[in-house]
Structures are given as C-alpha cells and as structure tokens.
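>
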Amino acid sequence: MAYRAASPVESAFRSLAGKPALPPLWLRRHAGPASRFESAARDAAAFLDGLGLVAPDHGVLDVGCGAGALVPEFKRRLGPEGRYLGFDVHAPSILWCRAAFASDPRFRFEIAAVASPYGRAAGPSARTYRFPVEDAACDLVIAKSVFTHLLPGDAAHYLAEIRRVLRPGKAAVLTAFLFEPERLEAVAKTFPFDGAGEGVRWRRKSRPTAAVAYPRALFERMIADAGLRLQWMSAGYHPGAERLTGQDTLVLGV
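Under my numbering, think of the first position of the sequence shown as 83, with each following residue one higher.
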C-alpha cells in the first residue's frame, strides 16, 4: 500500500526532473528492490554486450519479464527487424507493458496464465505451460531471477521449453543460486530449509519459492536432461554471505 501511495508522487518528481517514465513503484517492487530496477537492467545489458549475444535482427524471449525492465535496453539494441517477446505470471506487469510500449511493434507481451505465488493462485501448473513461441524461433532467451523461484519440477519444464524455442548456435542466459555440497554449512545460513529432494534448499519455510538454491551438479544434470549444454558460468552467489547480493549467471546453448 505504501508503494502504491508513493507511486504518483515519484512519477511527478521524475517528470519534473526530465527523467523517462518508469513503471509505478509497486510494480517495480514486485520484481525486486525498486531502487535497482534500472541499474540491474543496465548491468544485464552490459553482460549481454560483453559476450556479443545481441544483434539488431535477433528474436529475443524474456522469460519472467516483469514490468519490462530490460525493454529500454533492447529498444536501443534491436533494429527494425528485431523482435522481443516478454511473458510473466504477474498480469498487472504485463498489462502495464502493453500500454507503455504499444507504439513499438517490435515488442509483444503475454500473460503466463498458470498458478504461481507471484501471479494468480489458481490455474494450470507451470509444468504444463508452453512458452508462446514456435520451435527454434529465438536467437536469445533470457530468464533473469526466474529459476531462483522455481522448484525442481517447474525448473526442469522451463529448461525443456528453453531448449525447444532456442535456435541452434544461439544462447540462453539465466540466473540461479547454485552451491557445492561441501559448502552446505555455509549455504544453510541463507537457505536453512530443504524438502524438495536431491538437496534443493530454500530460504523461507512458509514460502519455498521466495528463494531457491540448487546443488550445482543437480542443476547441471537438469540442463543436460533438457538437451542443453552449459557453455559458461559466472559465479555471483557466495554461500554463507550475510545477504544475497548476487546470483550465478549461466550461458546455455543447444
């Protein structure tokens, strides 16, 4: 309620300062720390640029796009032939994106109508959801802060869907919390609960999907079982840290 009340005031201040419009505070907060909405998107775009993963004519799929944090970055990087599709379980975020970016035909947004703690309570399981893209249609798939909220069954399905839509020779970039079993004592400081099987852990007992951590070997096996291969990984999660300050970033290929 506080974020909703503050949103019009913040929007007015941004307008007076000549800054571009952003989603309302309450939508930004739904996707993570509101103060990091723009800077996190810039960091992600710089990462993609550093690996040369974006070309002007690419077809991009943004899994769990939220309120479109990455859209301004792709508006600058995609040319007239480029296409972007974002989907999310949070209908208000998608509806905002559809209105905010309606003038640009390169960008499309879809609601993932599945049951989720971050969307609607009732509906089909995420394990039945088919990404709204044809087979082998994507040059780049992004799943930022998605697998950190998925338990194994849903995660395995999403990996299989990434494999289905990704063109051979192209890349998928996703983030996760991964750990080595020998660091379990340190991991337990930030992920004290388990129960999903195979060593998967979570941070909040009452809400497992708030933050999920996987043993690295298990997650790599899930990647391989989906028909994908791990091309590169940048460690961002440091087990035992006082706060969760980063996620591991993985680059996958077919």
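All C-beta atoms in this analysis are idealised placements derived from N, C-alpha and C, irrespective of residue type, glycine included.
Computed from a prediction, not measured in an experiment: that's the story for all the values here.
Which residues mark the beginning and the end of the alpha helix (DSSP H) in which alanine 242 is found?
Residues 234-247.
> Enumerated in chain order, which unbroken segments of the alpha helix (DSSP H) with a length of 4 residues or greater are wholly contained in the stretch 102-162?
DSSP runs (the alpha helix (DSSP H)) wholly in the stretch 102-162: 107-112, 119-132, 153-159.
> What are the residues that DSSP puts in a beta bridge with valine 255?
DSSP, once it has assigned bridges, lists Ile224, Val333 as partnering valine 255.
> Any contact of the stretch 215-235 with the stretch 253-266, i.e. 3+ C-beta pairs under 8 Å?
The stretch 215-235, when compared against the stretch 253-266, does touch it at the 8 Å Cβ threshold.
> What residue from Arg246, Ala99, Glu92, Ala182 has the CA that sits closest to aspartate 217's CA?
Ranking the options by Cα distance to aspartate 217, first place goes to Arg246.
> Pick helix, strand or coil for glutamate 267, following the three-state DSSP scheme.
If DSSP states are grouped into helix, strand and coil, glutamate 267 belongs with the helices.
> Should tryptophan 284 be labelled buried (16 or more other beta-carbon atoms within 10 Å of its own) or exposed?
The residue in question, tryptophan 284, is buried, as its Cβ has 16 or more Cβ neighbours within 10 Å.
> For proline 187 and alanine 295, I'd like the C-alpha separation in whole angstroms.
Spanning the two alpha carbons is a distance of roughly 37 Å.
> So, for valine 344: in the same chain, excluding its five sequence neighbours on each side, which residues have a beta-carbon less than 7 Å away from its beta-carbon?
Summary: the structure shown does not reach residue 344, with the chain confined to residues 83 through 336, and so no result is reported for it.
> Within the same chain, show all residues whose beta-carbon is closer than 8 Å to that of valine 282, passing over the 5 residues directly before and after it, in chain order.
Around valine 282: Leu233, Pro234, Asp276, Val294, Ala295, Tyr296, Pro297, Leu300.
> To the nearest angstrom, how far is it from the Cα of isoleucine 305 to the Cα of proline 106?
If you take the alpha carbons of isoleucine 305 and proline 106, they lie about 36 Å apart.
> Do you know whose CA, among Leu312, Lys287, Arg286, Gly322, lies nearest arginine 265's CA?
Nearest C-alpha to arginine 265: Gly322.
> Could you pull the start and end residues of the alpha helix (DSSP H) that phenylalanine 301 belongs to?
Start and end: 298-307.
> Could you check the C-alpha separation between arginine 142 and glutamate 267 for me, to the nearest Å?
Here the sequence assigns valine to residue 142, which means arginine is not the residue at that position. If you take the alpha carbons of valine 142 and glutamate 267, they lie about 39 Å apart.
> Does the Cβ of proline 290 have 16 or more other Cβ atoms within 10 Å, making it buried, or fewer, making it exposed?
Proline 290 comes out buried.
> I'd like the span of the beta strand (DSSP E) that includes leucine 312, first residue to last.
Where leucine 312 is concerned, the enclosing beta strand (DSSP E) stretches over 311-316.
> Nearest-angstrom Cα distance between lysine 287 and alanine 99?
Their Cα atoms are separated by approximately 43 Å.
> Determine the burial state of serine 198: buried for a count of at least 16 other Cβ atoms within 10 Å of its Cβ, exposed for fewer.
When all chains shown are included, serine 198 counts as buried.
> How would you write the range of the beta strand (DSSP E) that arginine 190 sits in, first residue to last?
Residues 189-193.
> Grab the span of the beta strand (DSSP E) containing leucine 167 for me, first residue to last.
Where leucine 167 is concerned, the enclosing beta strand (DSSP E) stretches over 165-170.
> Use the C-beta contact count for glycine 150: other C-beta atoms within 10 angstroms, 16 or more gives buried, fewer gives exposed.
Buried is the call here.
> Classify arginine 289 as helix, strand or coil using the three-state DSSP reduction.
Three-state result, arginine 289: coil.
> Note the first and the last residue of the continuous alpha helix (DSSP H) segment covering serine 175.
Run containing serine 175: 173-182, per the alpha helix (DSSP H) assignment.
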